[in-house]
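Each step along the sequence shown adds one to the number in my numbering, with nothing skipped, and position 26 is 26.
For reference, the structure discussed in these notes is given below.
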Amino acid sequence: MKILAVLLSIISAITLSLHAQVSPIRMTIDQVSKAEPKPKTDPKAKPSSEKTQTRTLNIRLDNNSAESFDGLQVQYWFFGRDMKSRDVTVIKTGERKSTLAPRGKEVVESESVTSSYVEEHYEKKGRGKPTKVPASGAKIMGYGVKVTKDGKVLAEYYSEPSYKERANATATAK
């Protein structure tokens, strides 16, 4: 009997420690993107190897509780890959304020981010030897969004799990 009581107390202690609190705020993110080559100035010229990307996030917040949330901070990050060093960097960060009524919904739109980049390649001009064009700029690779109230995280999402570490490093650097 004593063994059974000890086992039950151990199991209940483990299950209580594994219990996590569920957030009343649900977040969905739509990424609006546009990528296009740089327009040609000369109609007879070859297409440019420089590409320009534009991204915006539409962050939809749903309050699934009967309480209202005033003073929500919606922080977002755009991450990119530096084409020379191949390192992931923060291209743009921003913050918006939001308020959610009980059972309310709101769409928060981020700033629009534009980035240009050129991948390393060779170009041949005329009959001569091809010349190497070095990589430059940064390519937008992903994003992260965090919703907080009074320093408490209510919802967060990162398009790549490793971006969370970089976002936290950026936030502490400020």
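Where is the CB? At the ideal position from N, CA and C, for every residue including glycine.
Beta strand (DSSP E) segment containing residue 60, residue limits
Taking the first residue of the sequence shown as position 1, residue 60 is located at position 60. Per DSSP, the unbroken beta strand (DSSP E) holding residue 60 starts and ends at 51-63.
Here's the rule I'm using: 16 or more other beta-carbon atoms within 10 Å means buried, otherwise exposed. How should residue 17 be labelled?
Stepping through the sequence shown from its first residue, residue 17 is reached at position 17. Reliability of the predicted coordinates at residue 17 is poor, the pLDDT of 45 falling under 50, and the value obtained from them is presented with this limitation in mind. By the neighbour-count definition (other C-beta atoms within 10 Å, threshold 16), residue 17 is an exposed residue.
Of the listed residues 114, 99, 68 and 142, nearest to residue 108 (C-alpha basis):
Indexing the sequence shown from 1 puts residue 108 at position 108. Selected option, being the one with the closest Cα: 99.
Quick check on the burial criterion: 16 or more other C-beta atoms within 10 angstroms. Buried or exposed for residue 143?
Locating residue 143 in the sequence shown gives position 143, counting from the first residue. Buried, because 16 or more other Cβ atoms sit within 10 Å of the Cβ of residue 143.
Determine the closest residue to residue 87 out of 105, 75 and 139, with distance taken between C-alpha atoms.
As a position in the sequence shown, residue 87 is number 87, starting the count at 1. Of the listed residues, the one whose Cα sits closest to residue 87 is 139.
Rank 53, 61 and 102 by C-alpha distance to the C-alpha of residue 155 and give the top, closest one.
On the sequence shown, residue 155 is found 155 positions in, with the first residue counted as 1. The candidate whose alpha carbon is nearest that of residue 155 is 61.
Exposed or buried, residue 128, counting other C-beta atoms within 10 Å across all chains shown (16 or more means buried)?
Locating residue 128 in the sequence shown gives position 128, counting from the first residue. Classification for residue 128: exposed.
Taking the alpha carbon of residue 48 as the reference point, which residue from 28, 123, 95 and 163 has its own alpha carbon closest?
What you label residue 48 is simply residue 48 of the sequence shown in a count that begins at 1. Of 28, 123, 95 and 163, the residue nearest in Cα terms is 123.
Compute the beta-carbon to beta-carbon distance between residue 67 and residue 102, rounded to the nearest angstrom, for a pair I have assumed lies under 8 Å.
Residue numbering aside, residue 67 sits at position 67 when the sequence shown is read from its first letter. Residue numbering aside, residue 102 sits at position 102 when the sequence shown is read from its first letter. Confirmed, Cβ separation roughly 6 Å.
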